[in-house]
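See below for the structure under consideration.
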Amino acid sequence: MQRSRTAVQWLSVCALTVLVSAATASPARAQGSTDPNPGALTLSGGFDFANAYFFRGIFQDDTGVVMWPYGDLGFALHSGDGALKSVSLNIGTWNSLHTGDAGSNGPSGKLWYESDFYAGASFGFGKSTTVGVTYTVYTSPNQMFGTVKELSFKVAVDDTGLLGAAALKPYALLAQELDGQADGGANEGTYLEFGIGPGFSLSKMSVTVPVKVGLSLSDYYEGISGDETFGFLSVAGVVTVPFTSAPTRFGSWNIHGGVEFLMLGDRNEAVFGDSSHVIGSIGIGLSY
Amino acid sequence: MLSISRVRKNAQALAVATCTTLMLASTPAWAQDAAAADPNPGALTITGSLDFLNQYMFRGIQQNNTGFATWPAFDLGLAAYSGDGGLKSASINFGTWNSLHSGNTGSDGPSGKLWYESDFYATLGLGFGGGTSFSTTYTAYTSPNSGFTTVKEIMFKFALDDSGKLGKAAVKPYIAIAQEFDTDIATGQADGGANAGTYMEIGFAPGYYGISKASIAFPIKIGMSLSDYYENPLTGEDSTFGFFSIAGIVTAPLGPTTSFGAWNIHGGVEYQALGDTTEFFNGGESNQVIWSIGLGFSY
Numbered sequence: 009m010q011r012s013r014t015a016v017q018w019l020s021v022c023a024l025t026v027l028v029s030a031a032t033a034s035p036a037r038a039q040g041s042t043d044p045n046p047g048a049l050t051l052s053g054g055f056d057f058a059n060a061y062f063f064r065g066i067f068q069d070d071t072g073v074v075m076w077p078y079g080d081l082g083f084a085l086h087s088g089d090g091a092l093k094s095v096s097l098n099i100g101t102w103n104s105l106h107t108g109d110a111g112s113n114g115p116s117g118k119l120w121y122e123s124d125f126y127a128g129a130s131f132g133f134g135k136s137t138t139v140g141v142t143y144t145v146y147t148s149p150n151q152m153f154g155t156v157k158e159l160s161f162k163v164a165v166d167d168t169g170l171l172g173a174a175a176l177k178p179y180a181l182l183a184q185e186l187d188g189q190a191d192g193g194a195n196e197g198t199y200l201e202f203g204i205g206p207g208f209s210l211s212k213m214s215v216t217v218p219v220k221v222g223l224s225l226s227d228y229y230e231g232i233s234g235d236e237t238f239g240f241l242s243v244a245g246v247v248t249v250p251f252t253s254a255p256t257r258f259g260s261w262n263i264h265g266g267v268e269f270l271m272l273g274d275r276n277e278a279v280f281g282d283s284s285h286v287i288g289s290i291g292i293g294l295s296y
Numbered sequence: 152m153l154s155i156s157r158v159r160k161n162a163q164a165l166a167v168a169t170c171t172t173l174m175l176a177s178t179p180a181w182a183q184d185a186a187a188a189d190p191n192p193g194a195l196t197i198t199g200s201l202d203f204l205n206q207y208m209f210r211g212i213q214q215n216n217t218g219f220a221t222w223p224a225f226d227l228g229l230a231a232y233s234g235d236g237g238l239k240s241a242s243i244n245f246g247t248w249n250s251l252h253s254g255n256t257g258s259d260g261p262s263g264k265l266w267y268e269s270d271f272y273a274t275l276g277l278g279f280g281g282g283t284s285f286s287t288t289y290t291a292y293t294s295p296n297s298g299f300t301t302v303k304e305i306m307f308k309f310a311l312d313d314s315g316k317l318g319k320a321a322v323k324p325y326i327a328i329a330q331e332f333d334t335d336i337a338t339g340q341a342d343g344g345a346n347a348g349t350y351m352e353i354g355f356a357p358g359y360y361g362i363s364k365a366s367i368a369f370p371i372k373i374g375m376s377l378s379d380y381y382e383n384p385l386t387g388e389d390s391t392f393g394f395f396s397i398a399g400i401v402t403a404p405l406g407p408t409t410s411f412g413a414w415n416i417h418g419g420v421e422y423q424a425l426g427d428t429t430e431f432f433n434g435g436e437s438n439q440v441i442w443s444i445g446l447g448f449s450y
């Protein structure tokens, strides 16, 4: 998912688990294990559970259960051997459902705290460099925050070819708020994020250790003493276990879970009331 | 596929805007894969649509009376089973259907927000011999701009595809019964009434194909209250007859199936004759004409 909303990736929805179990147990599943989807569209999605939700270090909720259903549809528009290796278009939605104070147990009485929509284009160049641009609208169906519209740019390098298992996969993300504000401040903010995503694979699982830092270039973390540059530092460990060793007719499903440690800047600490927090999550994912 | 007047649950799918189609159409990949046969032989099917309408009537109940409605929808289907026994097929679908309003119940209304409705549904469909099928759908109808309270419903639908027997004369009849639950007075009900309602719909969907690559369908349906589905807000009296609908829908493919799936443009006109309660909701007008146009895809 875009919106690196957490380095941690999460786990499973009971209903989906039942659904997937039923599906993968069917005779149809056994019939084929080759690529079920050789076309140009790719579907990915998931349903995660977490004990807290911070958006780029900004506290949202840590009561009750937080659930994140999301889906992404990708279009592989171009692939070639020239300077431009690939072009893809993605559209999708990311949602946050809360049983606690920001959701059904809060003033709105409604579960659906956040619903985001995004559309983005990504361009792949040589040396595994990717440049992407994404437009995102963050909305709150239960009216807990005002709509935020944002344009972001991301540059990422997959250095696996150079470093092998020691690859860091660094990226930089620059986001500009166009209308509305994540910090509820006086001015639209400009956000910068640097991150890496090292990882390794074991026999039946993969482990990634995403690390990222979120910074305000301008008015992104506005507090009582003005804008603070440092927003947060995040270190996480995420384990992903695929359901099957190869894609089935239903695609590739996995269960994943992790722990994320967040260290907050002064502004975000003042809002949350603590300088750090640990977030646990577990979820189910699909790629097709 | 266009689903005028919201028998959307089983039907639809997602929306990708016109610009997406234009972008796809201009890419080299589009041309390269023009001859692709089946880009998606797996067990998952993705469908979607984006429709524009002058009026949104939910089972005969008016939802807006100014501006226009935009309906993005997305559906993911899982073909869980197929066989030659008594049970021919089993499928699971889930998806979302949305209505965005520019008028009095949307961005120009008290909320000032566009997003009037967002529905989520999950369907278990079972196919039997002779073209018969039975499906069960759970739907939660929610309103992000608080235009109405969340409605939860379970619906059972029995359908017959008689194309095998009648060919082009097939009428594809169906009957659906829906029950609202988890309600309170004026809460969790499509009519905003006092009691949870039970709804029944009977319909047909005859169609013709091969008209210069386009297809045309003439869905006809009637919606009725079996119990408290069309409660009059003034008298409290339940009206059995909700609406009668007849429509004409033309669907034209946007080229052959490619590696991006099959895309179409569709449009239609629907006429609704309303019952007493739905006429009241419609400002005293006993009928309504709805036009629509949209894009759809299946992958």
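Just so you know, the protein sequences line up as chains A and B, in that order.
Each position in the first sequence, counted from 1, maps to that position plus 8 in the working numbering.
Each position in the second sequence, counted from 1, maps to that position plus 151 in the working numbering.
Where is the CB? At the ideal position from N, CA and C, for every residue including glycine.
Distance, Asp-333(B) Cα to Ser-253(B) Cα
30 Å
Measure how close the beta-carbons of Ile-66(A) and Val-279(A) come, nearest whole angstrom, since I'm counting them as under 8 Å.
7 Å
Evaluate the contact criterion for the region 213 to 227 of chain A versus the region 195 to 203 of chain A: three or more CB pairs, one atom per stretch, below 8 Å.
yes
Got a sec, what are the start and stop residues for the beta strand (DSSP E) Leu-97(A) sits in?
94 to 106
What in chain A is Cβ-close to Pro-190(B), meaning under 8 Å?
Asn-45, Pro-46, Gly-47, Ala-48, Leu-49
Tell me, please, whether the CB atom of Ile-367(B) is closer than 9 Å to any CB atom in chain A?
no
Does chain B have any CB closer than 9 Å to the CB of Leu-81(A)?
yes
Taking the beta carbon of Gly-54(A) as the centre, do at least 16 other beta carbons fall within 10 Å, making it buried, or is it exposed?
buried
Can you confirm whether Ser-410(B), when its beta carbon is compared against all beta carbons of chain A, has any partner nearer than 9 Å?
yes
Which same chain residues end up closer than 8 Å to Ser-29(A) when comparing Cβ atoms and leaving out the 5 residues on each side of it in sequence?
Residue confidence is low: Ser-29(A) scores 46 on pLDDT, short of 50, so the model does not pin down where it sits. No coordinate-derived value is stated.
So what does DSSP say about Asn-215(B), is it helix, strand or coil?
coil
Identified DSSP bridge partners for Lys-316(B)
Bridge partners of Lys-316(B): none, in fact.
Take Glu-304(B) and list the residues in its own chain whose beta-carbon comes closer than 6 Å to its own, dropping the five residues that flank it on each side.
Thr-290, Ala-329, Glu-331
Assuming Phe-133(A) contacts Ala-91(A) (C-beta within less than 8 Å), just tell me the rounded distance between them.
6 Å
Sufficient close CB pairs (3 or more, under 8 Å) joining the region 424 to 439 of chain B to the region 387 to 405 of chain B
yes
Using CA atoms only, rank isn't needed, just tell me which of Ala-341(B), Thr-217(B), Pro-190(B), Ser-200(B) is closest to Gly-418(B).
Ser-200(B)
Would Gly-259(A) pass as an interface residue toward chain B - the criterion being a Cβ-Cβ separation below 9 Å?
yes
Express the C-alpha separation of Pro-44(A) and Thr-107(A) in angstroms, rounding to a whole number.
37 Å
Three or more C-beta pairs under 8 Å: does that hold for the region 278 to 296 of chain B against the region 231 to 238 of chain B?
yes
Beta-carbon contacts of Ile-397(B) that lie in its chain and below 6 Å, excluding the five residues immediately before and after
Ile-371, Tyr-422
Can you tell me the Cα-Cα spacing of Leu-275(B) and Gly-228(B), whole angstroms?
10 Å
Cβ closer than 8 Å: which chain A residues qualify as neighbours of Tyr-289(B)?
Within chain A, no residue comes near Tyr-289(B); the closest Cβ sits about 10 Å away, beyond 8 Å.
Neighbour-count burial assignment, Val-286(A), 16 or more Cβ in a 10 Å radius:
exposed
Taking Ser-286(B) as the reference, give the member of Ser-258(B), Ala-327(B), Asp-312(B) with the closest Cα.
Ala-327(B)
Buried or exposed by the 16-neighbour rule on C-beta atoms within 10 Å, applied to Gln-39(A)
Note that Gln-39(A) scores 45 on pLDDT, short of 50, meaning its location in the model is unreliable; the coordinates nonetheless yield the value given after this. Flag for Gln-39(A) reads exposed.
Partners in chain B for Trp-120(A), counting only beta-carbon separations shorter than 9 Å:
Ser-269, Thr-293, Pro-295
Could you tell me which residues DSSP puts in a beta bridge with Leu-182(A)?
Phe-161(A), Leu-200(A)
By Cβ distance below 7 Å, which residues in the same chain neighbour Ala-176(B) in space, the five residues on each side in sequence not counted?
Only weak support is given to the placement of Ala-176(B): the predicted model assigns it a pLDDT of 37, under 50, and the value that follows is read from those uncertain coordinates. Answer for Ala-176(B): no residue qualifies.
To the nearest angstrom, how far is it from the Cα of Thr-248(A) to the Cα of Glu-436(B)?
58 Å
Tell me the rounded alpha-carbon separation between Pro-404(B) and Trp-248(B).
22 Å
The alpha helix (DSSP H) spanning Gly-169(A) covers which residue range?
168 to 171
Can you pull out the residues from the region 137 to 156 of chain A whose beta carbon lies closer than 9 Å to at least one beta carbon of chain B?
Thr-147, Ser-148, Pro-149, Asn-150, Gln-151, Thr-155
From Leu-377(B), Asp-202(B), Gly-406(B), residue whose alpha carbon lies closest to that of Gly-393(B):
Leu-377(B)
Residue-level contact to chain A via CB, Tyr-272(B), 9 Å cutoff:
no
Neighbourhood of Ser-123(A) by C-beta distance below 7 Å, restricted to the same chain and skipping five residues each side:
Thr-101, Asn-103, Thr-147, Pro-149
Rounded to the nearest angstrom, how far is the Cβ of Ile-444(B) from that of Phe-203(B), given a contact under 8 Å?
6 Å
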